[in-house]
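Residues in the sequence shown are numbered consecutively from 89, following my numbering.
Notes to accompany the following structure.
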Amino acid sequence: MFRIPNGIFEQYYEVVDSLYENENIGDTTNLITSSRTQCPNCIHGATSVYKTGGPIPFQLGVCPYCGGSNYINSETTEVIKLRTYTDKRKWIKVGNADIPDGSVQILGRITDLTKVMQASYMIFFPLSDWKYKLDSDPFPYGFGKKNFIAYCIKV
Ligand SMILES: [Zn+2]
89 MFRIPNGIFE
99 QYYEVVDSLY
109 ENENIGDTTN
119 LITSSRTQCP
129 NCIHGATSVY
139 KTGGPIPFQL
149 GVCPYCGGSN
159 YINSETTEVI
169 KLRTYTDKRK
179 WIKVGNADIP
189 DGSVQILGRI
199 TDLTKVMQAS
209 YMIFFPLSDW
219 KYKLDSDPFP
229 YGFGKKNFIA
239 YCIKV
């Protein structure tokens with residue numbers, strides 16, 4: 089029976105891990121998560137009504153805090169390292185899934201999985217300011233499929 093000694097797996101992880109540690113390899117990625125919260129300043133009806141205790145009291149018309157939408161949009165940014173591959177020939181094989189044109193494959197650590205999945209979009213600063221969104225399910229890869237994840241993203 090063919091068996092791979094455990095040491096080889098560990099070496100592999102060390103090599104791949106070091107790719108992420110090296111500042112020059114792996115692209116700095118801003119993960120941006122948008123969230124929408126209810127305006128703390130108004131109660132929404134046909135016109136806005138001041139909510140007692142809100143930061144900007146008003147009497148009539150549109151709430152000055154949210155402009156009348158009754159929601160506040162905010163974004164949080166987290167910076168992680170991902171490797172990006174625009175050349176499909178260099179992609180990790182991700183089964184038989186159809187790959188849409190214009191996709192980019194990104195590789196990241198499994199420890200960043202939740203952040204990547206929850207991000208509204210990602211920007212590869214300073215390479216470009218295009219907003220990429222996830223375009224595939226996460227695909228675990230590597231020996232044991234437990235340390236790294238491949239994804240497809242699209243503008
Ligand atoms: Zn408001």
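Positions of the beta carbon are idealized from the N, C-alpha and C atoms, including for glycine.
| Check | Outcome |
| --- | --- |
| C240: CB within 8 Å of a non-hydrogen atom of ligand 1 | no |
| Which of helix, strand or coil DSSP assigns to I168 | strand |
| Given 8 Å, three or more beta-carbon pairs between the region 152 to 169 and the region 130 to 143 | yes |
| The region 172 to 180 contacting the region 143 to 151, beta-carbon criterion three pairs below 8 Å | no |
| Span of the beta strand (DSSP E), counted from its first residue to its last, around K242 | F236 to K242 |
| Buried/exposed call for M210, threshold 16 Cβ in 10 Å | buried |
| Contacting residues, own chain, Cβ-Cβ under 8 Å from I198 (five flanking each side not counted) | P228, K234, N235, F236 and I237 |
| Enclosing alpha helix (DSSP H) for Q126 [first to last residue] | Per DSSP, Q126 belongs to no alpha helix (DSSP H); it is in the beta strand (DSSP E), D115 to Q126. |
| For L222, the three-state DSSP class (helix, strand or coil) | strand |
| Sheet register partners of G196 (DSSP bridge) | I237 |
| 8 Å contact criterion, which L170 and T117 should meet: CB distance rounded | 5 Å |
| Which listed residue (T174, V243, P226 and I144) has its alpha carbon closest to that of W218 | V243 |
| Expected contact under 8 Å - CB spacing of Y159 and V192 to nearest Å | Rounded, the Cβ-Cβ distance is 31 Å, inconsistent with contact. |
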